[in-house]
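Student: Chains as they are written, first to last, in my numbering: chain Z, 1 to 473; chain G, 1001 to 1473.
All C-beta atoms, glycine included, are put in the ideal place defined by N, C-alpha and C.
Since the structure is predicted, the reported quantities are computational estimates derived from the model, not experimental observations.
(1) How would you list, in chain order, the residues of chain G whose beta-carbon sits under 7 Å from the beta-carbon of residue 182 of chain Z?
(2) Specify, as a first and last residue, the run of the alpha helix (DSSP H) that residue 296 of chain Z falls within.
(3) Can you tell me whether DSSP reads residue 1027 of chain G as helix, strand or coil?
(4) Is it buried or exposed, residue 284 of chain Z, if we count other Cβ atoms within 10 angstroms and call 16 or more buried?
(5) Chain G beta carbons: is any one of them nearer than 8 Å to that of residue 330 of chain Z?
(6) Does any residue of chain G bring its CB to less than 8 Å from the CB of residue 170 of chain Z?
(7) Contact between the segment 1102-1117 of chain G and the segment 1154-1174 of chain G: three or more CB pairs below 8 Å?
(8) Cβ of residue 1284 of chain G less than 8 Å from any chain Z Cβ?
(9) If we call anything under 8 Å between Cβ atoms a contact, is residue 50 of chain Z one with residue 451 of chain Z?
(10) Would you give the residue range spanned by the alpha helix (DSSP H) that residue 254 of chain Z belongs to?
(11) Taking the alpha carbon of residue 1376 of chain G as the reference point, which residue from G:1437, G:1098, G:1391 and G:1350 has its own alpha carbon closest?
(12) For residue 1034 of chain G, tell me which candidate among Z:314, Z:412, Z:305 and Z:386 has the shortest Cα-Cα distance.
(13) Run down chain G in chain order and give the residues with a C-beta less than 7 Å from the C-beta of residue 104 of chain Z.
(14) Is the shortest distance between the beta-carbon of residue 179 of chain Z and the beta-carbons of chain G less than 8 Å?
(15) Just checking my contact of residue 1291 of chain G with residue 1137 of chain G at CB under 8 Å: how many whole Å lie between their CB atoms?
(16) Is it right to say residue 393 of chain Z is buried, meaning 16 or more other beta carbons lie within 10 angstroms of its own, or is it exposed?
(17) I need the DSSP call for residue 344 of chain Z, collapsed to helix, strand or coil.
(18) As a quick exercise: from G:1112, G:1301, G:1372 and G:1268, pick the residue whose alpha carbon is nearest that of residue 1132 of chain G.
(19) Please confirm whether residue 1108 of chain G has its beta-carbon closer than 8 Å to some beta-carbon of chain Z.
(20) Along the alpha helix (DSSP H) that carries residue 373 of chain Z, what are the first and last residues, could you check?
(21) In whole angstroms, what is the alpha-carbon distance linking residue 121 of chain Z and residue 1156 of chain G?
(22) Taking Cβ positions, are residue 278 of chain Z and residue 269 of chain Z nearer each other than 8 Å?
(23) Anyone know if the C-beta pair for residue 423 of chain Z and residue 239 of chain Z falls short of 8 Å?
(24) Return the Cβ separation of residue 115 of chain Z and residue 38 of chain Z in integer angstroms, given the expectation that the two are a contact with Cβ distance under 8 Å.
(25) Does any residue of chain Z have a CB that is nearer than 8 Å to the CB of residue 1022 of chain G?
(26) Within 8 Å of any Cβ in chain Z, is that where the Cβ of residue 1051 of chain G sits?
(27) Determine, using beta carbons only, whether residue 400 of chain Z and residue 442 of chain Z come nearer to each other than 8 Å.
(28) Closer than 8 Å is the cut-off here; do at least three beta carbon pairs connect the segment 186-197 of chain Z with the segment 376-390 of chain Z?
(29) Note down, in chain order, each residue of its chain lying with its Cβ closer than 8 Å to the Cβ of residue 1307 of chain G, except the 5 sequence neighbours on either side.
(30) CA-CA distance, residue 198 of chain Z and residue 1067 of chain G?
(31) Nearest to residue 153 of chain Z by alpha carbon, out of Z:54, Z:187 and Z:385?
(32) Nearest by alpha-carbon distance to residue 41 of chain Z: which of Z:91, Z:95, Z:30 and Z:245 is it?
(33) Return helix, strand or coil for residue 1351 of chain G, following the three-state DSSP convention.
(34) If we count the other Cβ atoms within 10 Å of its Cβ and call it buried at 16 or more, is residue 252 of chain Z buried or exposed?
(35) Here's the rule: buried if 16 or more other CB atoms are within 10 angstroms of the residue's CB, otherwise exposed. What is residue 1365 of chain G?
(36) Excluding the 5 residues preceding and the 5 following residue 275 of chain Z in the sequence, name in chain order all residues of the same chain whose CB lies nearer than 8 Å to its CB.
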């Protein structure tokens, strides 16, 4: 690593950087400004990667979010090692950001570990805030009445989309690969939960979020997310103790239902008071901050009742999207989402370990064969869901199926919990990771194809018109 | 602490929260979701405090930012202990956020310290990002040509505003309080640097940022900030080694000048290419993200050459404010600033330890008497600067002097460095902190009075007209 700023090697300039924070202790006085410098540098890398990746994909007619994921892979653990996380076993020595800080900002090796830990923590939380903002925005853009209308269809899509890949995956692993019952059930379970982030972002990019297809996908993905959490709780308890406590599962299902229905019912009752308070406020950012307070509280409640923060954010978006302030709020949320959401997608890409995909490494081969099977089941198991959609209106069934494909990080949580409990072999664990990578990266182009194809016939145009009409209203 | 959610005490629900992040290790799998929950809760507290405080102040005709500072005091270390920081000696046991997480989210005591450390780190970095965004926004709203035009006047204001309080303070402490030379110089030095954040925010709230007075204050505060860093380097080296290395001071002054002039000259040359790239981009948020990349890079460079990140952010704002995209950019930066800036002001308030102001505690009394002297010098030493403004045009001299009063966090850095080096006695250290608190809280109402008074005569109206004309252009 060359010294970019030889001037900085003078003694005076290796002392603590006198940043604005009031540091009264010597050690934190050295660490805190370097953590900030590390975060600034990480954000530069993240934004550059997201825009370069996004722009390239936009030019070759692929969804920009796919470019962000690939950009994340390039700057992440599989290539440049700029954005790496301690959770995946990286240390300060693996982080190029830390090396850059050492050569440009005079970071001393003895506090490198502390700075790495803290700056990764900050980037992780910013990424989480990114997906929270994304789901808040998706909630705002969704139409509660339309969601309720498509509710039964979305529920069927969600349930079929959980049961089919689970059954196909578990039975296939038992029958074809002669696997034991618990690991087979675990891998089957990892095939169940759709990752709503990727799909929602692609739908938004294609301006298909407020179409009937879009709303069925979002509704199903939300229900699917809840089902995934329930499945995870069941499987994790099975792997740990060998039995399933039905009472706990019942509590989880009950609290999920109570949370979603409760927040929406209570939220609609309280919305007029919310607007009343906002109208009385005189300081800058009154609507945005008031709305964020609602979103953050519901995210917090979602997180602590062992659902997910993003479900709370989505519910908050849905409620506030029903108010007359919807368009003002959307306008103000867009720049914040633009700033935070790329941190999430780049992080997802950055955590992707492409090493497990290398067929030249003999230890990967068994995993890759199982992976091929899991990918097939993952795609088939979700594509069939589109064909369960009933009702008089014609919908783009293929788009719905494709929209449910990405497993994203939820699948990785399964792999992580499974590996930690010892239920999964290395090859099965790698196979699940490959399945998550493949479904995450394949879904955006498939979705685009499904909606573009659809543009040819009458259906697609009517969907487009609905979207435009909704945008204008 | 009551259990708000008794349901959560069931065994299943005390396991790790399956949030979206891919956690493959058991321990980080437990910590990360709780850190996120802690940050969500902290943000709720911060936004509530900032809006309640801001709205109350707006109603009693005080600047809202004063309300945010007071709101910060209420939720901070002096009162509710919701927002506390390890740098000021707080532990997990002192944090009400951690107590809330223990009672609502099942945080176990053995990881409470880790969660507290990480969530404080995140809130601290978000606060720093807040002041970076604030200075970026101030840079965007500033007018480079006007700043250059008022440059000589701003330079005189800055230099007089550093020399006067330093000389009065040091000599007074030597003569009246019979203090030793080094502590007297240290306390004198702590009186020098204006905190730009508070003043810039008040100017923006009063719509006086683009007036001649506003631009002189901003220009002088920026120069003052650089002088303050130079003074800190000199005094810290004096306290540590008893001598001053002039070569190092020269390097610091040279790099500061080279950085500010260099970024602005090079930035103006590169601005057309920046606009060219942005025009070619097709993905969402192209202008905002491209601008943020510039701001983050300059902030990083500002931080690592031992100036401040905020100087880089201000320079980036100045350059981009010269382009034709200024108004689009301002519009998109506003919501982000609205979300991040309150985190900074609430943190400043939260770190304010009101205990040192209590005259009933005998150990505070000596400090309070010295403090009264320092506050007087701090105010007089800056108010005189307004009367040094020369030139044919009439300006509001009092407003300029008042605008330079707040010492904010820069003064606290002096107190921290001085206390760490052993140069300051406890009472002198407390006196500096009281001086910082007093100047920070007194400046916003004084500024408002100065500008309101001014509205009465012709001068003020012309200033107002300039501001409006600038807004419309």
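Tutor: Well, looking at it:
(1) Indexing the first chain from 1 puts residue 182 of chain Z at position 182. Within chain G, not a single residue places a beta-carbon under 7 Å from that of residue 182 of chain Z; the smallest gap is close to 18 Å.
(2) Working through the first chain from its first residue, we reach residue 296 of chain Z at position 296. Taken as a continuous stretch (DSSP letters only), the alpha helix (DSSP H) holding residue 296 of chain Z covers 286-304.
(3) Reading the second chain from its first residue, position 27 is the one you call residue 1027 of chain G. Low confidence applies to residue 1027 of chain G: its pLDDT is 48, below 50, so where it sits in the model is not reliable enough to give any reading.
(4) For the purposes of this step, residue 284 of chain Z is taken as residue 284 along the first chain, with counting starting at 1. Buried, by the Cβ-count rule.
(5) Counting from 1 along the first chain, the entry for residue 330 of chain Z is found at position 330. Chain G contact via Cβ: absent.
(6) Against the first chain, residue 170 of chain Z aligns to sequence position 170. Judged by the 8 Å Cβ criterion, residue 170 of chain Z is not in contact with chain G.
(7) The answer is no - the segment 1154-1174 of chain G does not touch the segment 1102-1117 of chain G, with fewer than three Cβ pairs under 8 Å.
(8) In the second chain, the residue the question calls residue 1284 of chain G occupies position 284. It does; some Cβ of chain Z falls within 8 Å.
(9) Start at 1 with the first residue of the first chain, and residue 50 of chain Z comes out as number 50. Start at 1 with the first residue of the first chain, and residue 451 of chain Z comes out as number 451. Between residue 50 of chain Z and residue 451 of chain Z, the gap from beta carbon to beta carbon reaches 8 Å or more.
(10) The sequence position of residue 254 of chain Z within the first chain is 254, counting from 1. Following the DSSP letters along the chain, one finds residue 254 of chain Z inside the alpha helix (DSSP H) bounded by residues 246-280.
(11) Translated into positions along the second chain, residue 1376 of chain G becomes position 376. For residue 1376 of chain G, the nearest C-alpha among the options comes from G:1437.
(12) By 1-based counting over the second chain, the position of residue 1034 of chain G is 34. Closest by C-alpha distance to residue 1034 of chain G, out of Z:314, Z:412, Z:305 and Z:386, is Z:305.
(13) Numbered from 1 along the first chain, position 104 holds the residue referred to as residue 104 of chain Z. One finds 1304 in chain G with Cβ atoms closer than 7 Å to the Cβ of residue 104 of chain Z, taken in chain order.
(14) Taking the first chain and counting its residues from 1, one reaches residue 179 of chain Z at position 179. With respect to chain G, the C-beta atom of residue 179 of chain Z has no partner C-beta closer than 8 Å.
(15) Walking along the second chain from the start, residue 1291 of chain G turns up at place 291. Walking along the second chain from the start, residue 1137 of chain G turns up at place 137. With a Cβ gap of about 11 Å, residue 1291 of chain G and residue 1137 of chain G do not count as contacting.
(16) Residue 393 of chain Z sits at position 393 when you count from the first residue of the first chain. Residue environment analysis places residue 393 of chain Z among the exposed positions, since fewer than 16 neighbouring C-beta atoms fall within 10 angstroms of its C-beta.
(17) As a working note, residue 344 of chain Z is residue 344 in the first chain. Under the three-state reduction of DSSP output, residue 344 of chain Z falls in the helix class.
(18) By one-based count along the second chain, residue 1132 of chain G stands at place 132. Of the candidates G:1112, G:1301, G:1372 and G:1268, the one whose C-alpha sits nearest the C-alpha of residue 1132 of chain G is G:1301.
(19) As a position in the second chain, residue 1108 of chain G is number 108, starting the count at 1. In terms of beta-carbon proximity, residue 1108 of chain G stays away from the interface with chain Z, with every pair separated by 8 Å or more.
(20) Here residue 373 of chain Z refers to the residue found at position 373 when the first chain is read from its first residue. Unbroken alpha helix (DSSP H) run through residue 373 of chain Z: 362-386.
(21) On the first chain, position 121 is the one that residue 121 of chain Z refers to. On the second chain, position 156 is the one that residue 1156 of chain G refers to. Residue 121 of chain Z and residue 1156 of chain G: Cα-Cα distance of roughly 44 Å.
(22) Position 278 of the first chain, counting from 1, holds the residue named residue 278 of chain Z. Position 269 of the first chain, counting from 1, holds the residue named residue 269 of chain Z. Taking 8 Å as the Cβ cut-off, residue 278 of chain Z and residue 269 of chain Z do not qualify as a contacting pair.
(23) Along the first chain, one-based indexing puts residue 423 of chain Z at 423. Along the first chain, one-based indexing puts residue 239 of chain Z at 239. For residue 423 of chain Z and residue 239 of chain Z, yes; Cβs fall inside 8 Å.
(24) Taking the first chain and counting its residues from 1, one reaches residue 115 of chain Z at position 115. Taking the first chain and counting its residues from 1, one reaches residue 38 of chain Z at position 38. Separation of the CB atoms of residue 115 of chain Z and residue 38 of chain Z is rounded to 6 Å, and the pair is thereby assigned contact status at 8 Å.
(25) Locating residue 1022 of chain G in the second chain gives position 22, where the first residue counts as 1. Because the pLDDT at residue 1022 of chain G is just 36, under 50, the model does not fix this residue reliably, and the point stays unresolved.
(26) Within the second chain, residue 1051 of chain G is the residue found at index 51, counting from 1. Residue 1051 of chain G counts as touching chain Z.
(27) By 1-based counting over the first chain, the position of residue 400 of chain Z is 400. By 1-based counting over the first chain, the position of residue 442 of chain Z is 442. Between residue 400 of chain Z and residue 442 of chain Z, the gap from beta carbon to beta carbon reaches 8 Å or more.
(28) Yes: at least three Cβ pairs fall under 8 Å.
(29) The sequence position of residue 1307 of chain G within the second chain is 307, counting from 1. Cβ contact annotation for residue 1307 of chain G (same chain, cutoff 8 Å, sequence separation greater than five): 1226, 1229, 1255, 1256 and 1259, in chain order.
(30) Reading the first chain from its first residue, position 198 is the one you call residue 198 of chain Z. Reading the second chain from its first residue, position 67 is the one you call residue 1067 of chain G. Using only the alpha carbons, I get a separation of about 41 Å.
(31) What you label residue 153 of chain Z is simply residue 153 of the first chain in a count that begins at 1. With distances taken between Cα atoms, residue 153 of chain Z lies closest to Z:385.
(32) The residue labelled residue 41 of chain Z in the question sits at position 41 within the first chain. Distance check between residue 41 of chain Z and each of Z:91, Z:95, Z:30 and Z:245 places Z:95 closest, using alpha-carbon atoms only.
(33) As a first step, residue 1351 of chain G is located in the second chain; it is residue number 351 there, counting from the start. Residue state, collapsed to three classes: coil.
(34) As a first step, residue 252 of chain Z is located in the first chain; it is residue number 252 there, counting from the start. Under this definition residue 252 of chain Z is a buried residue.
(35) Translated into positions along the second chain, residue 1365 of chain G becomes position 365. Exposure of residue 1365 of chain G is indicated by the presence of fewer than 16 other C-beta atoms within 10 angstroms of its C-beta.
(36) Locating residue 275 of chain Z in the first chain gives position 275, counting from the first residue. Cβ within range, chain order: 323, 324 and 325.
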